[in-house]
Structure formats: C-alpha cells, structure tokens
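> Each residue of the sequence shown is one higher than the one before, starting from 55 at the first, in the working numbering.
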Amino acid sequence: MSADGEQIRIEKPNSTTMMEFILLGFSDNPHLQWILFAVFLLMYLIILMCNTIIILIIATDTALQMPMYFFLSNFSFLEICYVTVTIPRMLMDLCTQKGNISLYACATQMCFVLLLGGTECLLLTAMAYDRYVAICNPLHYALVMNHKICTQLVAASWISVIPVVIGQTYQIFSLPFCGSNRINHFICDIPPVLKLACGDTFVNEIAVYVVAMVFVMIPFLLIIVSYGKIISNILKLSSAIGRAKAFSTCSSHLIVVVLFYVTASITYLQPKPNHYEGIGKLLSLFYTILTPTLNPIIYTLRNKDIMVSLRKLLTKLLV
C-alpha cells in the first residue's frame, strides 16, 4: 500500500505543468565558457555595428534609394532583431553559468525566433523577386517594383508569419511537460523543447513539418526558380562587363540564401531531430550567430555602391 502511495506521489508532480526549464547551452564545455562569451559578444557587436551602418548608409545616400537597398535595409533591421532575441540570453547564461528560464520566457523566445526566422525566409524571397524583375524584365522594373509594392512585400513578410507562429508556439506549450526540464540547447527552439513533452507529439511534429514546408522549402524553391531564370538571362548578355556586374549583384544574395536555408532546412526537416542534439545545436549556432555575422560582410564587400557610400560617410565623419 505504501509502495502504491509512493507511486501516486511521484506521478502527481510529474503530471503538473512545468513552470521552468534549464537551457544547458554549452555547459558540457565549462572550460570554454569565458572564451565563448568573448567570441559571441564580439560577434554580437559586429552584427549590430555592421547592420546599423548599412541602414544608416541606405537612409542617407540618395544614390541608394532603390528597391534592392530598401529590401537590404529591412533585412539588416531584421538581422539586428534576430540576434538580439538569442545572443544576449546566451551571453547571460555563459556569464552566470545558469540556464534557468521560465516557461513563459521560453515560449516568448521561441515565438520571436520563429517569427523572425519565417520573416527572413519571405524577405529573402522578396529580394530574389526584385533581382528577377531587374534582370529578366528591366524595362518594366520601375513600374513593377515601385515603392508601394516594395512596402507591401516587406509588410506581408512580417505580418503573414505572425498568426502561424503564435499558433505553433501555443500548440507546443499547451502540451504537458514532465520528467526532465533540461533543454539541451542554448535557445528555446522547437526540436529540443518538443522532446521534453509528454505523450504523443506526432500531430505537433506534423505541424512543424507543414509550417517548415510553407515558410522554408516553398520560398527556397521559388528563389531557386528565380535564380535559374536570372542566370539564364545573364548568360545571354552580350557584354562581359554587364554579365560580371549582374553576377556580382546577385551572388551576394544567393550566398546568404544558401547559408541560411541549408542550415534551417536540416534543423526543421530532418526525420528524427531528437536523435541528433549535438548536430542540431551546431546548426542552430550557424544560422543564429555565424550567418548573421557574415551577411553584412558579404553584402558590403561584394557591393560597389555600398562601399562607395561607406567611404563617403567615413570621409564626412573624419573631416
């Protein structure tokens, strides 16, 4: 009888709603905590500084008042938001060596990570469409990509993701959590959080696949089709200088697309994400920190107009 009573006492707390998680982060490498803190802090500052400079240059230079740079400034703002949702929390956990995070804070972080990630997918697609119109239909570019259309594309990239992300987050955090509350990750992402849920999570996993297909794979396929037509048109250009300029303009965006989509696709579309926690953590580190660090560098170093505007700005500041 006492054994049964003990069993009841064990099951009862396990069936209650868990109110706190522990993000393990990089606790398996305690000797690297401060090195990682310094590296991530440096990357965060680089991302903030570079993207802020890009936004400032585009806003102040009249030569850059074009759709391509309008999208780029919005992309830079998105990158600042994206890393701010993830890196400060990581830095705090590395500094304190504690990963305690409340259920509501975890849900909020997941919601914003998904929102900003989904928006980035759609915004990259809008940027690919802009390049497609510019190269494949240049005579109608000014008409098709007017300021109103560009604003609507950016607004749609943000707004269309919101209800889906809120629904996805609510669905996951409505599940009962029992047993361990230790998340083997540095952020509250879907795969590691879903692993801690009790009962059958098949419906939730299917929902993740569907959302990932709609906001990751379909935009990616649209970008690939767009660039297939873009490359085909570029190769038809008679001028070697024209081909080089067109390739230079598009290559930066294509590199960013590949870096982001490949890692995001593997993370959310792998068949058994729970079985590859180490790889999942590494991939997440890639698209949450490394890619946003590289993006402004890729766009500035490979873009002559941005570099010219940057020199003008530095000249004004130094003189």
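The beta carbon of each residue, even a glycine, is placed where N, CA and C say it ideally should be.
Please read these numbers as outputs of a predicted model, since none were measured by experiment.
Going by C-alpha distance, which of F129, K290, T347 and C104 is nearest G172?
Distance check between G172 and each of F129, K290, T347 and C104 places F129 closest, using alpha-carbon atoms only.
> Helix, strand or coil for F75, going by three-state DSSP, please let me know.
strand
> Under a three-way DSSP split, which group does N357 fall into?
coil
> For R143, write down the residues that DSSP places opposite it in a beta bridge.
Answer is none; R143 lacks a bridge partner.
> Mind checking H201: buried by the 16 CB within 10 Å criterion, or exposed?
With fewer than 16 other beta carbons inside 10 angstroms of its own, H201 counts as exposed.
> With DSSP as the reference, please indicate the residues paired to N154 in a beta bridge.
Per DSSP, I76.
> Indicate whether N238 and K366 have their beta-carbon atoms separated by less than 9 Å.
no
> Are Q163 and V139 closer than 9 Å when you measure CB to CB?
yes
> Taking only three categories from DSSP, how would you classify I241?
coil
> By alpha-carbon positions, which one of Y186, A209 and F75 ends up nearest to S156?
F75
> So L96 is in the alpha helix (DSSP H); what residue range does that whole segment cover?
Start and end: Q87 to T114.
> Note the first and the last residue of the continuous alpha helix (DSSP H) segment covering G282.
I272 to K290
> Can you have a look at L86 and say buried or exposed, based on whether 16 or more other CB atoms are within 10 angstroms of its CB?
exposed
> Skipping 5 residues on each side, what residues in its chain have a beta carbon closer than 7 Å to that of T179?
So the qualifying residues of the chain are P273, L276 and I277.
> Alpha carbon to alpha carbon, how far is K370 from V262? Give it in angstroms, no decimals.
49 Å
> From this set, E174, L90, W212 and C242, which residue's C-alpha is nearest I226's C-alpha?
The shortest C-alpha to C-alpha distance from I226 to any of E174, L90, W212 and C242 is the one to C242.
> Residue range of the alpha helix (DSSP H) that V198 falls in?
Y195 to V198
> Let me know if T116 comes out buried or exposed under the rule of 16 or more other beta-carbons within 10 Å of its beta-carbon.
Classification for T116: exposed.
> Between the C-alpha atoms of R297 and F240, what's the straight-line distance to the nearest angstrom?
43 Å
> At what residues does the alpha helix (DSSP H) containing I203 begin and finish?
DSSP places I203 in the uninterrupted alpha helix (DSSP H) bounded by H201 to I213.
> Under a three-way DSSP split, which group does I64 fall into?
Because the pLDDT at I64 is just 37, under 50, the model does not fix this residue reliably, and the value given afterwards should be weighed accordingly. Three-state DSSP puts I64 in a helix.
> To which residues of the same chain is Y341 closer than 7 Å at the C-beta, ignoring the five residues directly before and after it?
Excluding positions up to five away in sequence, the list reads F314, T317 and A318.
> Across the stretch 277-296 and the stretch 304-313, are there enough close Cβ pairs to call them in contact, namely three or more that are closer than 8 Å?
yes
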